[in-house]
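Residue numbers (the numbering used here), protein chains in the order written: chain R, 2 to 495; chain L, 59 to 172.
We put the beta carbon where it would ideally sit given N, CA and C, even for glycine.
Given the structure is predicted, the values throughout are model-derived calculations rather than measurements.
Following: one structure in structure tokens, then a few remarks.
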């Protein structure tokens, strides 16, 4: 059988893999003489990949026997992943503890992870989907445990691995069962049709979907498989915690969105149970993320719990998107998911970037390191305040627009309970973030001076980018909303 | 009591359902191992069992849909490869933790909680 491959469609991912290999080889040949070369190489690779991506055109195309596709939403998610990767590469340059370990490999692995996430977003075939999810996971395990002489990083990597490997094994069983009952189909839309036509007992499909949901819940870090999130974020290198909290989750959300579109046609019998499962997960994520987050004394852990709560909001958008379909750009649920993801990228990466800088300056991530920070590092304190208020959903930041859209979609689609939980938890979450502000602005600074180390320029560039996105799209959200609607308009074409 | 030949016939008349039963049993054993065992290496072995039980389901599916259906075999080859890659990374992480704790018990990895 001859398979036609449209290499242009695959070119962004292949560029990323090629760039990673070039970085590995350059490091092998030149060793320490080229130790500053990896960052420019990686940025060039990302720029070329983004350029190739944007030159693909907005229309739906697929290749490699209909297993790999691009459309507007896929391009949107990939751009988010690449932008997140770019900001994280800038952050990694300013993360001090990492400088004792080989950095070129680190950068190369981040590019490989970005390419794997890109494949996840674009896969239309069960096999490609599984392989790309595992590719992304395995690279992430290595990155989380990268500082192997650091006890916390090793523990973070191992915990991430144990959670990830076991839940992805459960997910594989779900895939195998779906493969079995759909009659050996691996193409996802065809599989969704086969599931409806083959007249399979709903209980069987619910079990299979439940198993798949375990794997995806781990990937996006939602309840019930959220246990790894706080530990891994706290122990992993800070840029990697940021990477896992944004790029990795965005790819997981894209997969979840595709799965509900393809495998759950509107006439599917398990729409009701599946909505209930997702609603439970969304509510539990929001409640657990905010309430337990309040108790945290470590900033990275606090951001981890806030990430769990934010995933709950994204799940609301997904639930609305799968229940109320209008087949036009006014598909509020899916539009709100895209807007939320884009806003979350900027505000969460910004918060991580500032926490990273303060960690470098004060040498720790505990809350007491932030006492009286406003009088000693006023700029950093102010920036952190902006990003934390954005995460809490205060206007005029993009966090407000994102939360507003999700809640409006939920109310419009009559998911009142979800909307009420969402509003209540965002009120509570304000307290969670305000606690940090209180410590920074009200508490007395400790006696000893902070050694003022210079903050590298790449970190400032990363923060500037995040600040721009957070404020610009908060004040003037029109283009973002239009772009999200534009991307959703075609999401049903196959 | 049937004759030995008949018994052998029923024994050899294996349907996909038989494969599924074996696969689910293996999956349950693997999952129980992951949930109950405290030793990180034994947890890894449980994970491998779960992956292999999925392989059996895939192969049973491929067999029942006819031999010209190749996607099941392709899937299984990918799963085996990924399982190997995962085991390598997992063992490396376990080794890194062992160097610090001199122990591979998952209960000991409790620097960070709550």
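{"Item": "Contact defined as beta carbons within less than 8 Å: I believe residue 105 of chain L pairs with residue 375 of chain R. What is the distance between those atoms, to the nearest angstrom?", "Value": "Contact flag wrong, Cβ pair sits at about 48 Å."}
{"Item": "Please go through the stretch 323 to 362 of chain R and give each complete beta strand (DSSP E) segment of 3 or more residues, from N-terminal end onward.", "Value": "none"}
{"Item": "Go through its chain and collect everything with a Cβ distance to residue 398 of chain R's Cβ below 6 Å, but skip five positions before and after it.", "Value": "391, 471, 475"}
{"Item": "Could you give the C-beta distance for residue 275 of chain R and residue 210 of chain R, rounded to a whole number, given that I count them as a contact under 8 Å?", "Value": "6 Å"}
{"Item": "Whole angstroms is fine: what's the gap from residue 307 of chain R's alpha carbon to residue 265 of chain R's?", "Value": "30 Å"}
{"Item": "Assuming residue 63 of chain R is part of the alpha helix (DSSP H), what are its boundary residues?", "Value": "From DSSP, residue 63 of chain R is part of no alpha helix (DSSP H) but of the beta strand (DSSP E) over 62 to 64."}
{"Item": "Residues in the same chain with beta-carbon distance under 7 Å from residue 133 of chain L, minus the five sequence neighbours each way, listed in chain order, please.", "Value": "116"}
{"Item": "With residue 95 of chain R and residue 357 of chain R assumed to form a contact (beta carbons below 8 Å), what rounded beta-carbon distance in angstroms separates them?", "Value": "7 Å"}
{"Item": "If you count every other CB in all the chains shown that lies within 10 Å of the CB of residue 108 of chain R, and 16 or more means buried, which is it?", "Value": "buried"}
{"Item": "Can you tell me the Cα-Cα spacing of residue 63 of chain R and residue 301 of chain R, whole angstroms?", "Value": "40 Å"}
{"Item": "Residues in the same chain with beta-carbon distance under 8 Å from residue 4 of chain R, minus the five sequence neighbours each way, listed in chain order, please.", "Value": "65, 66"}
{"Item": "Mind checking whether residue 123 of chain L and residue 132 of chain R have CB atoms under 8 Å apart?", "Value": "no"}
{"Item": "Anyone know if the C-beta pair for residue 338 of chain R and residue 318 of chain R falls short of 8 Å?", "Value": "yes"}
{"Item": "Are there three or more Cβ pairs, one per stretch, closer than 8 Å when the stretch 219 to 231 of chain R is compared with the stretch 77 to 91 of chain R?", "Value": "no"}
{"Item": "If you draw a straight line from the C-alpha of residue 148 of chain R to the C-alpha of residue 273 of chain R, how long is it?", "Value": "45 Å"}
{"Item": "Do three or more CB pairs link the stretch 197 to 217 of chain R to the stretch 172 to 188 of chain R at distances below 8 Å?", "Value": "yes"}
{"Item": "Since residue 117 of chain R and residue 136 of chain R are thought to touch, with beta carbons under 8 Å apart, how far apart are those beta carbons, to the nearest angstrom?", "Value": "4 Å"}
{"Item": "State yes or no: is the C-beta of residue 462 of chain R within less than 8 Å of the C-beta of residue 91 of chain R?", "Value": "yes"}
{"Item": "Nearest by alpha-carbon distance to residue 206 of chain R: which of R/225, R/457, R/229, R/181 is it?", "Value": "R/181"}
{"Item": "Return yes when the Cβ of residue 152 of chain L is within less than 8 Å of the Cβ of residue 162 of chain L, no when it is not.", "Value": "yes"}
{"Item": "Contact between the stretch 340 to 355 of chain R and the stretch 283 to 293 of chain R is defined here as three or more beta-carbon pairs at a separation below 8 Å; is this criterion met?", "Value": "no"}
{"Item": "If we define contact as Cβ-Cβ less than 8 Å, is residue 23 of chain R a contact residue for chain L?", "Value": "no"}
{"Item": "Residue 442 of chain R versus chain L: which residues are under 8 Å apart at the beta carbon?", "Value": "Here the premise fails: no neighbours, minimum Cβ distance about 26 Å."}
{"Item": "At a CB distance below 8 Å, what residues from the stretch 231 to 244 of chain R approach chain L? Give them in sequence order.", "Value": "231, 232, 235, 236"}
{"Item": "Counting along the chain, where does the beta strand (DSSP E) carrying residue 69 of chain R start and finish?", "Value": "69 to 71"}
{"Item": "Hey, could you find the ends of the alpha helix (DSSP H) residue 156 of chain R is sitting in?", "Value": "152 to 182"}
{"Item": "Could you have a look at residue 71 of chain L and say whether DSSP puts it in helix, strand or coil?", "Value": "coil"}
{"Item": "Could you list which residues in chain L have their beta carbon closer than 7 Å to that of residue 108 of chain R, in chain order?", "Value": "Near residue 108 of chain R there are no residues of chain L at all, since even the closest Cβ is about 18 Å away, more than 7 Å."}
{"Item": "Pop quiz: residue 72 of chain R and residue 492 of chain R are said to be a contact at Cβ under 8 Å. What is the actual Cβ separation, rounded to whole angstroms?", "Value": "7 Å"}
{"Item": "With a cut-off of 8 Å, does the C-beta of residue 142 of chain R fall near any C-beta of chain L?", "Value": "yes"}
{"Item": "For the alpha helix (DSSP H) that contains residue 39 of chain R, what are its first and last residues?", "Value": "39 to 55"}
{"Item": "Which complete alpha helix (DSSP H) runs does the stretch 274 to 326 of chain R hold, if anything under 4 residues is left out?", "Value": "300 to 324"}
{"Item": "For the stretch 86 to 102 of chain L, which residues have a beta carbon sitting closer than 8 Å to at least one beta carbon of chain R?", "Value": "88, 89, 92, 98, 101, 102"}
{"Item": "If you measure from the beta carbon of residue 120 of chain L to each beta carbon in chain R, is any gap under 8 Å?", "Value": "yes"}
{"Item": "Compare the Cα-Cα distances from residue 510 of chain R to each of R/225, R/100, R/242, R/250 and report the closest residue.", "Value": "Residue 510 of chain R falls outside the range modelled here, since chain R spans only 2 to 495, and no answer is possible."}
{"Item": "Could you check where the alpha helix (DSSP H) with residue 259 of chain R kicks off and where it finishes?", "Value": "250 to 264"}
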